[in-house]
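Asker: This is the structure, below, for whatever I ask next.
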Amino acid sequence: MSSSSPVDSFRGAAVLTLLGLLVLRWAVALHSYSGEKRPPMYGDYEAQRHWMEVTHNLPVGEWYFNTTENDLMYWGLDYPPLTAYHSKVCGFAASLIDKSFVALKASRGFESYHHKLFMRWTVILSDLVVLIPSVWLYFAKRLWSADDASLVWIFLVLSHPGLLLIDHGHFQYNGVSIGLTIAAVAALLRKRNLLCSALFVLALNFKQMSLYYALPFFFYLLGTSLQGGIARGIPKVGAIGMVVLATFTIIWLPFVTQLSQLKQVLHRLFPIARGIFEDKVSNIWCALNVVYKIKNSFSNEDMAVVCLVSTLVVVIPSSLNLLFRPHPQKFVYSLINSSLAFFLFSFQVHEKSILLAAIPVSLILPTDPFISMWFTAISSFSMLPLLLKDGLLIPTIALILFHIVATTLMVNVLPSTREKSLIVSDQSSSILWWWAAFFVSMIGCVILTLSSIFVKPPNNLPDLFPLLISVYSCLHFIIFLLYFNYKQMSLPGVCLKSLSEKNLSQAQGADILNKHAACDVHVTNSSIFFPEVVDESNGCGGQFSVTLVSDKFEGKSRLQRHQLVHSILAEELKVIHAFSQKTLTPEQWETQKTQ
């Protein structure tokens, strides 16, 4: 009996991964959605259906205007043009199945089994077309292949509880804008700056909340473009600017022919009148509002300025660090820091906006799985009041528990990541303290969840438990923001000294670089050290050479030596486009030094 080839095994694993992701999505989709059977306004499900109705039946010039056929007080379109085009495509498909799905005015509040089936499939297909390929591109070494570790990360990111619950339960299309953003990140890490710029503009034009990521993209592209000098950098920046302008122009072309059209669309996208936050969002302003009524003390215009200044003050350190020391890992952490700062401090924040920080945090799963798992749990929990309102309690609990267990188990079985985080069976006191903090955090979530379900709040405090959840989650997010900023600032700059074997795998291949310099990186337990590291990649980690010395190389061929190194640094090498290494025994290294 012939055994299956590695290619066949990989294909089988990839198919099983995809099927698992589809099963999770459909399992959530079987539950209720936002506003189900709750007239007159229903919820986000009806909002998305109504936009299909409007864009399918009305000319482009009326989509964002209040007319006799388009009542903006009833779920008026308030997302950028790409969302409107997406709605038009879905509306056209709906009309082919059943015209009553999108009949102008007559379809308000339309609900049926077949319509729910259609709507759920539009989200799943959007994931299949945009989100899933984007996450694949981010983690896979090459377009048409990935290793087992990559499949694990792909599965964990795409099974994020918060994203599944909001898109496939509550009902939205966040996967499209997030997918486009991840595709832009993948392009950026492959040094496809022009493609990255176009993809990020698409993300911005699907949901304006993608602005949360704008500063990291801007400063990283600017920083890397100018590294070779201003004279060489200006043409690169100019080319990026032209791509951005051209992409915006194509998308907005139907709305820029008249100034009134452009002003109306912008007014719909940034409505100051709605207030500083909606519902009980887990950010600074909602938490402060518990003890000091901000909404009653300041006008919306004043608070918009306060929010802008506060957000910039918090984001600028991370952004400037990225500008002057651009690095792929710093960029990913800067995405987290920027989006989390915008969520905590900016104006007009929804509880669902935490997904904009949660998904970038998922991207650091290979290097920081414990913190990523913890943030995923808290960010999903922070939306509990909304999910309870939608009747999604059971899938919420199930998905959070599933993600914690799956992350712990999968990380522990991967040789390249088992020693990268606190998710190991090590009894050291520091690890026990981290785990203790995690369990205390989760116990708080359990207590607040049970209280929200079974305890009746006082009549004079009907929103007691949603507010407690908001404040509790906000405190976590503040601590996480400090942690992620620290992680970004501590990324490469000086040589790493005296690494133990245990945290060798934490040292990213690009982290141990010091541009055009030699750096001794000793690994005491394993007798592996890096006596020479040279970076020729303009700071991007794209091409470098490294000399590794170890007594473990004794009697091994060059291929066996490289396989040994690869087994330690497999995940880190994914960010390296051209890697050259010499592997020497200590005797060979001493001989080379004397020559």
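To convert, note that position 272 of the sequence shown is 272 in the numbering used here; the numbers rise steadily by one, no gaps. For each residue, glycine too, the CB sits at the ideal point set by N, CA and C.
Pull up the CB-CB distance for Tyr-483 and Leu-448, whole angstroms please, since I reckon it's below 8 Å.
Answerer: By 1-based counting over the sequence shown, the position of residue 483 is 483. By 1-based counting over the sequence shown, the position of residue 448 is 448. Incorrect: roughly 22 Å between the Cβ atoms, too far for contact.
Asker: For the region 390-407 against the region 354-363, are there 3 or more C-beta pairs whose distance is under 8 Å?
Answerer: no
Asker: Using a Cβ-Cβ cutoff of less than 8 Å, which residues in the same chain neighbour His-114 once the five nearest sequence positions on both sides are dropped?
Answerer: As a working mapping, residue 114 is identified with position 114 in the sequence shown. Same-chain partners within the cutoff: Ile-97, Asp-98.
Asker: Go through its chain and collect everything with a Cβ distance to Val-60's Cβ below 6 Å, but skip five positions before and after it.
Answerer: As a first step, residue 60 is located in the sequence shown; it is residue number 60 there, counting from the start. Excluding residues within five positions, the ones whose Cβ falls inside 6 Å are Pro-254.
Asker: According to DSSP, is Val-349 helix, strand or coil?
Answerer: Residue mapping note: residue 349 aligns to position 349 of the sequence shown, counting from 1. If DSSP states are grouped into helix, strand and coil, Val-349 belongs with the strands.
Asker: Going by DSSP, what residue range makes up the alpha helix (DSSP H) through His-403?
Answerer: Stepping through the sequence shown from its first residue, residue 403 is reached at position 403. First-last of the alpha helix (DSSP H) with His-403: 393-413.
Asker: Considering only C-alpha positions, which residue in the set Asp-279, Val-201, Cys-286 is nearest to Ile-250?
Answerer: As a working note, residue 250 is residue 250 in the sequence shown. Comparing Cα-Cα distances from Ile-250 to each of Asp-279, Val-201, Cys-286, the minimum goes to Val-201.
Asker: Hey, how far is the Cα of Leu-180 from the Cα of Thr-376?
Answerer: One-based indexing of the sequence shown puts residue 180 at position 180. One-based indexing of the sequence shown puts residue 376 at position 376. About 20 Å.
Asker: Under the assumption that Ser-470 contacts Ala-287 (Cβ atoms under 8 Å), give the Cβ distance between them as a whole number of angstroms.
Answerer: On the sequence shown, residue 470 is found 470 positions in, with the first residue counted as 1. On the sequence shown, residue 287 is found 287 positions in, with the first residue counted as 1. The pair is a contact, with the Cβ atoms about 6 Å apart (cut-off 8 Å).
Asker: Tell me, please, whether the region 79-88 touches the region 192-210 by the rule of three or more beta-carbon pairs shorter than 8 Å.
Answerer: yes
Asker: Taking 7 Å as the limit between beta carbons, can you name the residues of its chain near Val-15, skipping five residues before and five after?
Answerer: Counting from one through the sequence shown, the residue named residue 15 turns up at place 15. Once the five neighbours on either side are set aside, Val-15 has no close Cβ partner at all.
Asker: Look at the alpha carbon of Leu-499 and the alpha carbon of Gln-329, and state the distance between them as a whole number of angstroms.
Answerer: Translated into positions along the sequence shown, residue 499 becomes position 499. Translated into positions along the sequence shown, residue 329 becomes position 329. Note on Leu-499: pLDDT 30, under 50, position unreliable in the model; the coordinate value appears next. If you take the alpha carbons of Leu-499 and Gln-329, they lie about 19 Å apart.
Asker: Identify whether Phe-110 lies in helix, strand or coil by the three-state DSSP scheme.
Answerer: For this step, residue 110 is matched to residue 110 along the sequence shown. Phe-110: coil per DSSP, three-state reduction.
Asker: In terms of alpha-carbon separation, which member of Leu-355, Leu-340, Ser-282 lies closest to Pro-385?
Answerer: What you label residue 385 is simply residue 385 of the sequence shown in a count that begins at 1. Residue Ser-282 is the option with its Cα nearest to Pro-385.
Asker: Who are the Cβ neighbours of Gln-348 in its own chain at under 6 Å, not counting the five residues just before and after it?
Answerer: As a first step, residue 348 must be located in the sequence shown, where it is residue number 348. Around Gln-348: Arg-274.
Asker: Could you tell me the distance, in whole angstroms, from the CA atom of Phe-402 to the CA atom of Leu-363?
Answerer: As a working note, residue 402 is residue 402 in the sequence shown. As a working note, residue 363 is residue 363 in the sequence shown. Between the alpha carbons of Phe-402 and Leu-363 lies a distance of about 18 Å.
Asker: Give the DSSP-derived three-state secondary structure of Phe-270 in the structure shown.
Answerer: Here residue 270 refers to the residue found at position 270 of the sequence shown. Judged by DSSP in its simplified three-state form, Phe-270 adopts coil rather than helix or strand.
Asker: Measuring only the C-alpha atoms, how far is Val-129 from Ile-371?
Answerer: As a first step, residue 129 is located in the sequence shown; it is residue number 129 there, counting from the start. As a first step, residue 371 is located in the sequence shown; it is residue number 371 there, counting from the start. The alpha-carbon atoms of Val-129 and Ile-371 are separated by roughly 29 Å.
Asker: For Ser-380, collect the residues of the same chain with a Cβ closer than 6 Å to its Cβ; drop the 5 residues on either side in sequence, then sort them by chain order.
Answerer: For the purposes of this step, residue 380 is taken as residue 380 along the sequence shown, with counting starting at 1. Once the five neighbours on either side are set aside, the close Cβ partners of Ser-380 are Pro-161, Gly-162, Ile-400.
Asker: For Met-383 and Ser-451, I'd like the C-alpha separation in whole angstroms.
Answerer: Within the sequence shown, numbered from 1, the residue matching residue 383 stands at position 383. Within the sequence shown, numbered from 1, the residue matching residue 451 stands at position 451. Each residue's Cα considered, the two are about 15 Å apart.
Asker: What are the start and end residues of each continuous alpha helix (DSSP H) run of 4 or more residues lying completely inside the region 261-341, in chain order?
Answerer: With a minimum length of 4 residues, the continuous alpha helix (DSSP H) runs that stay inside the region 261-341 are 284-291, 294-297, 300-324.
Asker: With distances taken between CB atoms, is the gap from Ile-166 to Leu-355 smaller than 8 Å?
Answerer: Position 166 of the sequence shown, counting from 1, holds the residue named residue 166. Position 355 of the sequence shown, counting from 1, holds the residue named residue 355. Yes.
Asker: With three or more C-beta pairs closer than 8 Å as the rule, is the region 475-489 touching the region 315-326?
Answerer: yes
Asker: Inspect the beta-carbon positions of Pro-457 and His-327 and report whether they are closer than 8 Å.
Answerer: As a working note, residue 457 is residue 457 in the sequence shown. As a working note, residue 327 is residue 327 in the sequence shown. No.
Asker: From Gly-76 to Ser-338, what does the alpha carbon distance come to, in whole angstroms?
Answerer: Mapped onto the sequence shown, residue 76 falls at position 76. Mapped onto the sequence shown, residue 338 falls at position 338. Approximately 29 Å between the Cα atoms of the pair.
Asker: Just the C-alpha distance for Gly-391 and Tyr-33, rounded to the nearest angstrom, thanks.
Answerer: On the sequence shown, residue 391 is found 391 positions in, with the first residue counted as 1. On the sequence shown, residue 33 is found 33 positions in, with the first residue counted as 1. C-alpha separation (whole angstroms): 8 Å.
Asker: Spell out a yes or no on whether the region 87-97 and the region 41-52 are touching, meaning 3 or more CB-CB pairs, one atom from each, closer than 8 Å.
Answerer: yes
Asker: Looking at Leu-21: is its Cβ nearer than 8 Å to the Cβ of Leu-221?
Answerer: Sequence index remark: in the sequence shown, residue 21 carries index 21 (1-based). Sequence index remark: in the sequence shown, residue 221 carries index 221 (1-based). It is not a contact, given that the beta carbons lie outside the stated cut-off.
Asker: Could you give the distance in angstroms between the alpha-carbon of Lys-295 and the alpha-carbon of Lys-280?
Answerer: If you number the sequence shown from 1, residue 295 lands on position 295. If you number the sequence shown from 1, residue 280 lands on position 280. Near 13 Å, if we compare the C-alpha coordinates of Lys-280 and Lys-295.
Asker: Please list, in chain order, all residues of the same chain as Leu-269 whose beta carbon is under 8 Å from its beta carbon, the five residues on each side excluded.
Answerer: For the purposes of this step, residue 269 is taken as residue 269 along the sequence shown, with counting starting at 1. Answer for Leu-269: Asp-78, Tyr-79, Pro-80, Gln-208, listed in chain order.
Asker: Flag this pair as yes or no: are the beta carbons of Ser-310 and Phe-277 separated by less than 8 Å?
Answerer: Indexing the sequence shown from 1 puts residue 310 at position 310. Indexing the sequence shown from 1 puts residue 277 at position 277. Their beta carbons are not under 8 Å apart, which means Ser-310 does not touch Phe-277 by this criterion.
Asker: Rounded to whole angstroms, what's the CA-CA distance from Phe-219 to Ile-378? Just pull it up for me.
Answerer: On the sequence shown, residue 219 is found 219 positions in, with the first residue counted as 1. On the sequence shown, residue 378 is found 378 positions in, with the first residue counted as 1. Taking the straight line joining both Cα atoms gives about 29 Å.
Asker: With a threshold of 16 other CB atoms inside 10 Å of the CB of Tyr-64, please say whether the residue is buried or exposed.
Answerer: One-based indexing of the sequence shown puts residue 64 at position 64. It is buried - the Cβ of Tyr-64 has at least 16 other Cβ atoms within 10 Å.
Asker: Let's see if you can read the secondary structure: which residues bound the alpha helix (DSSP H) around Pro-385?
Answerer: Position 385 of the sequence shown, counting from 1, holds the residue named residue 385. Here the alpha helix (DSSP H) through Pro-385 covers 384-389.
Asker: For Pro-220, which of helix, strand or coil comes out of DSSP?
Answerer: Start at 1 with the first residue of the sequence shown, and residue 220 comes out as number 220. The sequence shown places Tyr at residue 220, rather than the Pro named in the question. If DSSP states are grouped into helix, strand and coil, Tyr-220 belongs with the helices.
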